[in-house]
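Respectively, the protein sequence lines represent chains A and B. The numbering used here puts the first residue of the first sequence at 1091, with every later residue one more than the last. The numbering used here puts the first residue of the second sequence at 20, with every later residue one more than the last. A virtual CB, placed ideally from N, CA and C, is assigned to each residue, including glycine.
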Amino acid sequence: MELTMGRWASREGPLRHLDPALIAVALGLALFGLFMVFSATQQSLRTLGEDPGFYLKKQIAFLMLGVVVMAIVATFDYRLVKVYSGIVFGVLLFALLLVLTPIGDETAGAQRWISLFGFQFQPAEIAKLTVVAMLAAYLSELREVRLEHVWRAAGIAAAPIALIFLQPDVGTMMVFAAVLIASLVVAGARLRHIVILLGVAVFGAIIAFHLGIVKEYQIARLRSFLDPAADPLVAGYNLQQAEIAIGSGGLFGRGYLNGTQTNLDFVPEQHTDFVFTVVGEELGFVGAILLLALFAVLLWRGFRIALLSRDTFGTLLATGIVTMLAFQVVVNVGMTMGIMPVTGIPLPLVSYGGTSMLTNWAAVGLLLNVHMRRFK
Amino acid sequence: MSDGRRRMTALAAVIAFAFAALVTRLWFLQVLAAEEYQERATGNAVRLIPDPAPRGRILDRNGEPVVDNRRTIMITIDRDELRDEEEVLDRLADLLDTSTIELGEQLHDPDYLPYQPVPVFEGAPEAAAIYIAEHPDDFPGVEFEEVGVRRYVRGLLAPHLLGYLGEISPDELLDPSFTDVRPGQLVGRGGVEQQYEQFLRGTDGVIKQEVNAQGEVRGILGAEEPVPGNDLVLSIDADIQELTQETLEDAVSQARVSVVDEETGTYVKASAGAVVVLDPNDGHVLAMASHPSFDPRRFADGLTQREFDVLRRPSSNFPLSNRAIAGQYPAGSTFKPFVAAAAMKAGYARSEGFYPCPSEFIVPGDTSGTVFHNWEDVDRGGISFADALIRSCDTVFYNWGLKFWIERGPRGDLMQHHLRRWGFGDLSGIDVPGEASGRVPDASWKQDINAAYPNLFPEPTWLPGDNINMSIGQGDLLVTPLQLAVGYGALANGGTLYRPQVALRVQRPDGTPVRRFEGEQIGRVPLRRPQLAAIMNALRGVVSSPAGTATGAFAGFPLSSISVAGKTGTAEVHGKQPHSWFAAIAPADDPQFVVVAVIEEGGHGSQVAAPIVRRVLEGLLHLEPGAFQISEQVTD
Chain A
1091 MELTMGRWAS
1101 REGPLRHLDP
1111 ALIAVALGLA
1121 LFGLFMVFSA
1131 TQQSLRTLGE
1141 DPGFYLKKQI
1151 AFLMLGVVVM
1161 AIVATFDYRL
1171 VKVYSGIVFG
1181 VLLFALLLVL
1191 TPIGDETAGA
1201 QRWISLFGFQ
1211 FQPAEIAKLT
1221 VVAMLAAYLS
1231 ELREVRLEHV
1241 WRAAGIAAAP
1251 IALIFLQPDV
1261 GTMMVFAAVL
1271 IASLVVAGAR
1281 LRHIVILLGV
1291 AVFGAIIAFH
1301 LGIVKEYQIA
1311 RLRSFLDPAA
1321 DPLVAGYNLQ
1331 QAEIAIGSGG
1341 LFGRGYLNGT
1351 QTNLDFVPEQ
1361 HTDFVFTVVG
1371 EELGFVGAIL
1381 LLALFAVLLW
1391 RGFRIALLSR
1401 DTFGTLLATG
1411 IVTMLAFQVV
1421 VNVGMTMGIM
1431 PVTGIPLPLV
1441 SYGGTSMLTN
1451 WAAVGLLLNV
1461 HMRRFK
Chain B
20 MSDGRRRMTA
30 LAAVIAFAFA
40 ALVTRLWFLQ
50 VLAAEEYQER
60 ATGNAVRLIP
70 DPAPRGRILD
80 RNGEPVVDNR
90 RTIMITIDRD
100 ELRDEEEVLD
110 RLADLLDTST
120 IELGEQLHDP
130 DYLPYQPVPV
140 FEGAPEAAAI
150 YIAEHPDDFP
160 GVEFEEVGVR
170 RYVRGLLAPH
180 LLGYLGEISP
190 DELLDPSFTD
200 VRPGQLVGRG
210 GVEQQYEQFL
220 RGTDGVIKQE
230 VNAQGEVRGI
240 LGAEEPVPGN
250 DLVLSIDADI
260 QELTQETLED
270 AVSQARVSVV
280 DEETGTYVKA
290 SAGAVVVLDP
300 NDGHVLAMAS
310 HPSFDPRRFA
320 DGLTQREFDV
330 LRRPSSNFPL
340 SNRAIAGQYP
350 AGSTFKPFVA
360 AAAMKAGYAR
370 SEGFYPCPSE
380 FIVPGDTSGT
390 VFHNWEDVDR
400 GGISFADALI
410 RSCDTVFYNW
420 GLKFWIERGP
430 RGDLMQHHLR
440 RWGFGDLSGI
450 DVPGEASGRV
460 PDASWKQDIN
470 AAYPNLFPEP
480 TWLPGDNINM
490 SIGQGDLLVT
500 PLQLAVGYGA
510 LANGGTLYRP
520 QVALRVQRPD
530 GTPVRRFEGE
540 QIGRVPLRRP
550 QLAAIMNALR
560 GVVSSPAGTA
570 TGAFAGFPLS
580 SISVAGKTGT
590 AEVHGKQPHS
600 WFAAIAPADD
610 PQFVVVAVIE
620 EGGHGSQVAA
630 PIVRRVLEGL
640 LHLEPGAFQI
650 SEQVTD
């Protein structure tokens, strides 16, 4: 036991090389999120005669569970991920299939949930991290990335993309696409090959639209993003209310728990996908910049870890995670402000939601893992 | 820098660029456009509920309320909360004793915004409201509130003068003077309710509610108190008005069963009538009645379209029309004092002159055989100026009318010019909407009407006969009872025309005066006082001398202590029974009142109109008026 501890705590041992800044900023974001989730839900819960802390308490539980998950993920050597990612990937593909069967739960025209032992979770959230690991594992084995490798890497991402497309969840699909491109770039794929891949993807998307595979509500959301004033009563309503919430916050916000847009339910899905509107309305420009700054620090630590990694797998793993987080932040915050299409992407570590919280903490755990073991 | 590092830097740059885009957008929303979004957030969350101001009361000259407000129960329906519309409306119709269709029509009035509760029924019994409150599941979205509606304290008193309230029309909503009025609100229609709308209408208060996205009220943010409308004090004396209306009603119903029309041998129709009582010294109206009439309380309870249509149907004889100001009739002999005045002014008549009064009159040199008759078939020989009026001798006036034609001047309207100085042919400007201007026809009018309707008016030229007819208030001359009253007022007060007015003052609910309406002179007649006195003197004889045309109607009236000047009129209209007219000034020595009455197709002026005026004067002079009585005297 002492020997083990000794090895862990030795000069170049993992425990000596935790990244406290990474942990602090991740915790900071999650705590920020707790306040926002409470603000987004307390008034409605109170009106319904429910416990105003209902969502807050659940989110705190998710957060604590998330920290445990981070600790576990950081404990074993990340290279084991490379070994087992294939198996996890297989299990997840199966879970994504299950979502599409009657076992999956349907909300708002999309099947995203699966219930297991009385818990609901979204396999797509876990799939994001799994695909990151799979791509890193595959690409890190290549000495040179040729076109055939690009196709193969795309093939790895394509399986879950196809299954998620059937749910459908365009937002998550785009996360996979972003991760794929970023991983290929960092792995050294030729720009020409990536352009070819993008061309094929765009062509495929056009075909998908024309064949009517894309669901009505997705087209409507996309249209409302392109022209929010066109249909203010239905699709554009969320967006307009979100913009009003953020805009009315002004420089310093209307004060915590004082936002009328928030308290009076004008912004739907506010504790999950639209949580950034609470920040904007109640804490203003200053609060929103603070939140974005925290994310910037998180991403900076991620990049630093990617650079410090002792092997290509670690670099690609960290790059994929950073891309996954960055893409979600940009699309989520962008959609609340009307500069990105409205897709069901949560704000990492901040939005209410168990699966997303656990996945993101696992991602932080992996970053930490790479950082801790950069010398061996 | 290795290739891998460079590629990672590129990736970081893309992310940094995306973050910069987010910050830029954030800056735009929260710093540059914040104000606009703050306004929109407020618009979202704050609902303004109007708190209606009570409308000002209408009082009579003694401060007695004629119109005030009462609380009534209004049933409203919130369309958002209404379920099973048909069943609920059926239940509601049953409860309120109305029809499902009518409720449905009210409910779907497009003037109401979706979140506004729509008023569907006014004047619900309290028991119905309690039943609704106790059975909320049977009446989803149905609510009730107490609202103020007009109460007519004196019942049927002066509805034409008061007017009523009606929902504001879409056109009026665009009018700048109605900017603070919302759709569905009531505004004055007709009468002083319309004329003094700006004073009577208060300023509505506002209750600021905080509402959520579902439109549910979460709290009250504040309130502005409503400012009640100002009270309007009328020059009307409610008791005299009541006496006037009652007398008019009695006269009409008695005439129909006791006055025989000479032409047809049947009882007169006495289909309609009007009475005006003015103070000749400032033009204020003391009473004004029009028959047939309507019940303003029906409007207060919400008149249905069908009820409104009935009121406007010709067979109802236009009860909404205020004949005292809008009824246009030939004046008949009540016009003679003004023709006499014109003849004096033109030098044809003198107060001490004598004039032949034959039974018929032929225009010298006219070979067409046209004969103008006096109303009585007797040659009275030469009679005095006063007797011409007292006996109402038509032939004397024919002669003056012809003289006016002969000396008609280059514009051809010498006679008309003199008559218009008395206000005829023009609006008097009374502060009650709907006044008619009457008509003093002349050569150009005749030419125009011939051009427009050559079949009805085949003669384009103004002939001597036109002047002759006009000299006895006939032909194409039209006057309103009000115009006649204004003219007699000028005779009474020494020659001043006052704008008739029914408003005395506007005051705050606590009685503080806001505005006074003093008598306003609108003209002076070009006669000297002795000339006017001669006419007044003659008009006394109409009532008091044995030869007077109205002595019968004034039999038993204490003329020795209170002198009365008056003039009868029996105005003939082709194809109709004659209209019965009487105009009077009392006391003649110190004129306080002018009373004019007309009964459409009511027979001779002496028979019906003169007794009406007599009875109203008895009321005005505190003589304890007895029952109305038709006079037996049949004179012009």
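Burial state of residue i, where buried means 16 or more other Cβ atoms lie within 10 Å
i: D1216/A; result: Here the sequence assigns Ile to residue 1216/A, which means Asp is not the residue at that position. Flag for I1216/A reads buried.
i: R76/B; result: buried
i: E216/B; result: buried
i: E165/B; result: exposed
i: L501/B; result: buried
i: T61/B; result: exposed
i: S1338/A; result: buried
i: R26/B; result: buried
i: K1147/A; result: exposed
i: Y367/B; result: buried
i: F391/B; result: buried
Nearest residue (CA-CA) to residue i, options the options
i: P577/B; options: R634/B, E537/B, P178/B, E539/B; result: R634/B
i: L438/B; options: G448/B, V459/B, W424/B; result: V459/B
i: A1396/A; options: T1409/A, L1384/A, L1389/A, F1385/A; result: T1409/A
i: D655/B; options: G588/B, G23/B, V161/B; result: G588/B
i: V561/B; options: P356/B, L475/B, L546/B; result: P356/B
i: A31/B; options: V1440/A, M1425/A, A1416/A, M1447/A; result: A1416/A
i: A405/B; options: T266/B, P375/B, P532/B, D113/B; result: P375/B
i: T353/B; options: A53/B, A605/B, Q493/B; result: Q493/B
i: G1289/A; options: L1381/A, W1241/A, S1273/A; result: W1241/A
i: E1372/A; options: R1233/A, H1361/A, R1344/A, A1452/A; result: R1344/A
i: A1114/A; options: F1465/A, V1454/A, M1462/A, R1463/A; result: V1454/A
i: L1448/A; options: K1147/A, T1137/A, V1158/A; result: V1158/A
i: M1160/A; options: G1180/A, D1141/A, T1137/A, L1112/A; result: L1112/A
i: P479/B; options: N488/B, D467/B, I487/B; result: D467/B
i: L1229/A; options: Q1212/A, V1189/A, E1140/A, I1271/A; result: I1271/A
i: G1374/A; options: P1110/A, I1334/A, H1107/A; result: I1334/A
Delimiting residues of the alpha helix (DSSP H) encompassing residue i
i: I120/B; result: 119 to 126
i: V1159/A; result: 1144 to 1165
i: S1134/A; result: 1110 to 1137
i: Q217/B; result: 216 to 219
i: G1180/A; result: 1169 to 1190
i: H436/B; result: 433 to 439
DSSP beta-bridge partners of residue i
i: N88/B; result: R169/B
i: H1361/A; result: Partner(s): none; H1361/A has no beta bridge.
i: M555/B; result: M555/B pairs with nothing; no bridge assigned.
i: M307/B; result: V295/B
i: Q526/B; result: D250/B, P532/B
i: F140/B; result: I94/B
i: Q347/B; result: Paired residue(s): none; Q347/B is not in a bridge.
i: G207/B; result: L184/B
Closer than 7 angstroms: residue i CB and nearest the ligand MG heavy atom
i: D258/B; result: The model on display carries no ligand, and the ligand MG is accordingly not part of it.
Bounding residues of the beta strand (DSSP E) (the contiguous stretch that carries residue i)
i: G1424/A; result: Premise fails: G1424/A lies in the alpha helix (DSSP H), 1402 to 1426, not in any beta strand (DSSP E).
i: I1284/A; result: Not the beta strand (DSSP E): I1284/A falls in the alpha helix (DSSP H), residues 1281 to 1300.
i: R2/B; result: No answer is possible for residue 2/B: it lies beyond the span of chain B, which begins at 20 and ends at 655.
i: Y374/B; result: 373 to 375
Residue i: contacting residues in chain E (beta-carbon distance under 8 angstroms)
i: T1409/A; result: Here chain E cannot be found, since the structure's protein chains are A and B.
Can you pull out the residues from the stretch 1453 to 1466 of chain A whose beta carbon lies closer than 8 angstroms to at least one beta carbon of chain B? Near chain B, meaning a CB-to-CB distance below 8 angstroms, no residue of the stretch 1453 to 1466 of chain A qualifies.
Against chain B: residues of the stretch 1338 to 1370 of chain A by CB proximity under 9 angstroms: Answer set for the stretch 1338 to 1370 of chain A: S1338, G1339, G1340, L1341, G1343, R1344, G1349, T1350, Q1351, N1353, L1354, D1355, F1356, V1357, P1358, G1370.
Proximal residues, the stretch 1421 to 1439 of chain A versus chain B, C-beta separation under 7 angstroms: Listed in chain order, the positions of the stretch 1421 to 1439 of chain A with a beta carbon within less than 7 angstroms of a beta carbon of chain B are V1423, G1424, M1427, I1429.
Compile a chain-ordered list of the residues in the stretch 110 to 122 of chain B whose CB is closer than 7 angstroms to at least one CB of chain A. The residues in question: there are none.
So if I threshold CB-CB distances at 7 angstroms, which residues from the stretch 1276 to 1288 of chain A count as touching chain B? So the close ones are V1276, G1278.
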